[in-house]
Every structure is written in C-alpha cells, then in structure tokens.
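Heads up: the sequence shown is residues 9 to 458, going by my numbering.
Just so it is clear, CB atoms sit at the ideal spot from N, CA and C, and this is done for glycine as well.
Quantities reported herein were computed from a predicted structural model and do not represent experimental measurements.
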Amino acid sequence: MKFKILVADDEKNIREGLAASLEMDGHETVCAPDGEAAWALFGKGDVDLVITDLRMPGIDGGELMRRILAESPGFPVIILTGHGTVESAVSAMRDGAWDFLTKPVNLGRLSMLVKRALENRELVLRHKEMQADLDRSRISKSMIGKSPAMRKVVDTISRVAPTRASVLITGESGVGKELVADAIHELSPRKDGPLVKVHCAALSASLLESELFGHEKGAFTGALARRRGRFELAHGGTLFLDEIGEIDQNIQIKLLRVLQEREFERVGGEKTVEADVRVVAATNKVLKDEIEKGSFREDLYFRLNVVSIAVPPLRERKEDIPLMASAFLREFAAENGKAVDGISERAYSRLHAYNWPGNIRELRNCIESAVVMCKGATIGEGDLPPTIKSSGEDWVRVPLNVSLDEAQRIVARASVAFHKGNKSRAADALGIGRKTLQRKLDEEEAPEDD
C-alpha cells in the first residue's frame, strides 16, 4: 500500500528536504507552506500522515493538529520543533500527537517514526475495511437479496449509516423501507441510543404534533400532565418518520425548524428543548410531485433528502424471490411447528410469474398462508393463495405501445425471473448468448445509475 504524507513547514528548504527524503523511502508527498494550506490539503481526504512544524504563521502546528484530530480522531501527526520549544511538543503529545522530532531533523529517526506511524495507519484502514464488510454482511442478513438493485441499496446504507446525515427512503408500500431505517440505525454511532418510530399517516394533525413534540399540562383539553414527545424520547438516537408525505403543513414548518436548529418547544410550552436526534424519513409518495401540488414544503424536502435511498419493488428484482421465500418458509415452519422444508418447481414458477403489487409484505403473507395450508413437506402449487395460483406461468404481457428494444427488455427480464435468476438458462431459452442477455438487462438498469 502506497501512502501520501503531508509536510507542513514555513521554511522552504526544510519542507522540500523532508519531502525528498520521504520520497526516497518510497512515499508520496505533498507540501504546504503554512497551516492554512495544510488544513486545506488535509480536507481533500487522501492524506495518511501529517508532519508539521510547531511554529508557523497563522494556524500553527498545534492548532492544525487539533483540527485534524477533531475531524479524524487517532490520525497520525508528527510534530517538528526547535530545542527551545520541546515542552510545547510534549504538550502536543498529550493532546494526541503521534510523536515529535527536534530540528535539525535526524532523517534516520524520521524514517523510523514514519514507518511505525504508517504501519499503524495501515492496520486502522484494514480494520475499517473489515468493519465495512461486516456491516454489509449484517445488512444482508436483515435485508435479503443479492440482485444488483439490492446490492446498491446495501452499499448506500453502509456509506450513510456512520454519518449524521438525514436520510429519505422512498419506495412503494411493502418494499421494506422500515428495514432500511433499522439497518441505518444499527450501523450508526447511535446504535446504543433509542430508535423511535412514528407512523405519520396514522395520526391526525393535532395528535401528531403532540406525539412528535410533546405537550405541557393543560395545553389542550385532556392534557392532564406533561408528556414527552418522540423527539425527546429519541434524544441521542434516531427518529424514524414513516409516511412523511402525509404530514400537515403546520407540522412541516415545526419539523423544518427542528432539523435546522435542533431545538423545539412542547405544545403549550415556552421552554426550548434541545434535540440531538438523527432523522430518517420514508414515503411511498413522489415528494417532488407533492411540492408542485403545494402540499409539501420544498425547503423541508431538501433538509430530509440529504441522502436518498430508493428501495426497488419486488417485481423489479424477482431473482431475490427464492432467497426471501426460503427465509420466510423457515420462519413460519418453525412458528407453526410444521415440518415444511421446500417449495416445488411449479410453485416457484407461480411465485415468479406473479407481479407482487404488495411487494415483500405480500410475499411474506403468501408464504405464511402456504405453510399453514401445506399438508406435506413441500409447498405445492395448490398450497398457494388463489391470486398467486392464477398468475401466468409461461407467458409475459408486452404492451403494444412500446418500442422493440423495450419489448425485448421486458421479455429478457421475465425470462430471467421465470428461470429463477439463472441467466444462462434464460439466455438458452431465448436463443441468445448470455452476454447479449446481460446487455439487455444492463440497458434497462442504466438510468438508475446516473
């Protein structure tokens, strides 16, 4: 692994000499003439070690180190100092510096310190990579699916979870938006804090306001005592607002203020309450359309939509059906005490042929029903609910108002689904090569990657 080292010193000969010595050891270097320039270079995010003079005009080495450690705790910083300021360097060590060297710099000792610092840096980076892999594995266990669309969702979750950014989860009802919110919280630094959920569509405007922000005694008829709202209950954790597109305009204004200022007042109260809460919202509506209608505030939309995660409907990732059906089968067989351990080929064909308007929720209910109705060890075609049994098995409907390319994409996707995700079999059945089939599928998915 090749590392980049930032050398900051206001004396040109020293910084260039140090850089030359480090490059002879095989390292990449970048130089800064002062603390301000060094801080700007560090902000680019591709530096692995900082070597800085303690005394520089403007931002000195001590302040530069404090900024770096506030941004990236544990980041290696080596301080350079003259003999007269060794006490300051020792103080910097207490504040988190990796080590210090006195001028004139002993290049042999510098080489040794850099080697040790970068070895530690490599261990840290590898640990982060392993943790990221572990996180992705944990997400995959709760969110079943190996389709490209779901891999994209899982990757986005793993990237956004460690941050403070607000997240807007979009998708049809039943696709698993709440599972995405659960995964974001579980993989975040707030995982030991509360995860509080509010279904916004289930409450009237007045009740939702009290539910979110709490109320004081006597704030309205029936308010017999002070009540803490969900924002207070979620302090230090995550607040999941499901069906955010249903909330009243007045509550939208209050919610916007909480997101901007991280504080609010209870209904009927005057005391300001701080809200250390990460907000994750979800909706099955297209909020841009709601903004055009005037029913949703554009400024609130941008506050919520710092990062967007679009969860695909089940009909667009039918290759995941076998994995999900198997998982649901195990769950409901154990729950009902039945020795059901498989699904027949014809039953699978029906599952793949169906369009799943209710998405994962409907598939889950379907498998539960099939397990209950099944008399043997394998779920058969006859055990499925009537709507699933009546679904087409070996044909696909193609609208007449689409282009030939679009018709081919529809048939290609349906063939892959019919063959349970096996693209080689689908290609053989269509009489085309596997690469040609993959190209058809990629053409369909391309707009989502823009």
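- Are HIS223 and ALA231 close, meaning C-beta to C-beta below 7 Å? yes
- Given 8 Å as the limit, is there contact between the segment 25-34 and the segment 110-121, that is, 3 or more CB pairs closer than that? yes
- Query: Is the beta carbon of SER218 sitting closer than 7 Å to the one on VAL275?
  - Reply: yes
- Task: Apply the 10 Å Cβ neighbour rule to ARG238 and answer buried if 16 or more other Cβ atoms are within range, or exposed otherwise.
- Result: buried
- Among MET332, VAL348 and ASP349, which one has its Cα closest to the Cα of ASN373? MET332
- Separation of SER212 from ILE329, as counted between CA atoms: 37 Å
- Helix or strand or just coil, what does DSSP make of VAL288? strand
- Query: For ARG236, which three-state DSSP category applies?
  - Reply: coil
- Message: Could you check whether ASN367 and LEU322 sit closer than 7 Å to each other, using their CB atoms as the reference points?
- Response: yes
- Message: Using the three-state DSSP reduction, which class does GLU36 fall into: helix, strand or coil?
- Response: strand
- For CYS56, name the three-state secondary structure that DSSP assigns. A small correction: the amino acid at residue 56 is Asp; Cys does not occupy that position in the sequence shown. Correct three-state label for ASP56: coil.
- Starting from the C-beta of GLU273, find all residues in its chain whose C-beta is less than 8 Å away, skip the five residues before and the five after it, and write them out in chain order. PHE221, LYS279, THR280 and VAL281
- Message: Looking only at its chain, what residues have a beta carbon closer than 6 Å to the beta carbon of GLY390, apart from the 5 residues adjacent to it on each side?
- Response: none
- Query: If you count every other CB in all the chains shown that lies within 10 Å of the CB of ILE261, and 16 or more means buried, which is it?
  - Reply: exposed
- Query: Touching or not, the segment 115-126 and the segment 75-83, by the rule of three or more beta carbon pairs under 8 Å?
  - Reply: no
- Query: Under the DSSP definition of a beta bridge, which residues are partnered with THR171?
  - Reply: None; THR171 has no bridge partner.
- Query: Are the segment 284-293 and the segment 249-263 in contact at 8 Å, needing three or more beta carbon pairs?
  - Reply: yes
- Item | Per-residue burial, THR395 [other beta carbons within 10 Å of its own, 16 or more giving buried] | exposed
- Message: By alpha-carbon positions, which one of GLY104, THR171 and MET158 ends up nearest to VAL315?
- Response: THR171
- Terminal residues of the alpha helix (DSSP H) in which LEU412 lies: 412-426
- Item | Inside the segment 77-111 only - beta strand (DSSP E) runs reaching at least 3 residues | 85-89 and 107-110
- Query: Whose C-alpha, out of LEU118, ARG235, GLY69 and SER119, is nearest the C-alpha of ASP103?
  - Reply: GLY69
- Task: Round the Cβ separation of PHE248 and ALA191 to the nearest angstrom and send it over; I've been treating them as touching at under 8 Å.
- Result: Going by Cβ atoms, the distance from PHE248 to ALA191 rounds to 11 Å, so no, they are not a contact pair.
- Three or more C-beta pairs below 8 Å linking the segment 155-164 and the segment 305-319: yes
- Task: Measure the C-alpha to C-alpha separation of LEU14 and VAL58 and round it to an integer number of angstroms.
- Result: 5 Å
- For the beta strand (DSSP E) containing LEU247, list its first residue and its last residue. 246-250
- Query: Rounded to a whole number of angstroms, what is the C-alpha to C-alpha distance between LEU371 and PRO393?
  - Reply: 10 Å
- Query: Are there 16 or more other CB atoms within 10 angstroms of the CB of SER181, so buried, or fewer, so exposed?
  - Reply: exposed
- Message: So the candidates are ALA105, PRO65 and ALA16; which of them puts its Cα closest to the Cα of PHE50?
- Response: ALA16
- Contiguous alpha helix (DSSP H) assignments of at least 4 residues, all confined to the segment 279-343: 295-301 and 306-312
- Item | Three-way DSSP call (helix, strand, coil) for ALA189 in this model | helix
- Message: Only counting the same chain, and skipping five residues up and downstream in sequence, which positions put a Cβ closer than 7 Å to that of ILE351?
- Response: ALA333, LEU337, THR386 and ILE387
- Cβ pair VAL175, VAL183 closer than 7 Å: no
- Just how far apart, CA to CA, sit ASN363 and HIS135? 42 Å
- Message: Less than 7 Å between the beta carbons of LEU267 and ARG311, yes or no?
- Response: yes
- Would you call GLY179 buried or exposed, if buried means 16 or more other Cβ atoms sit within 10 Å of its Cβ? buried
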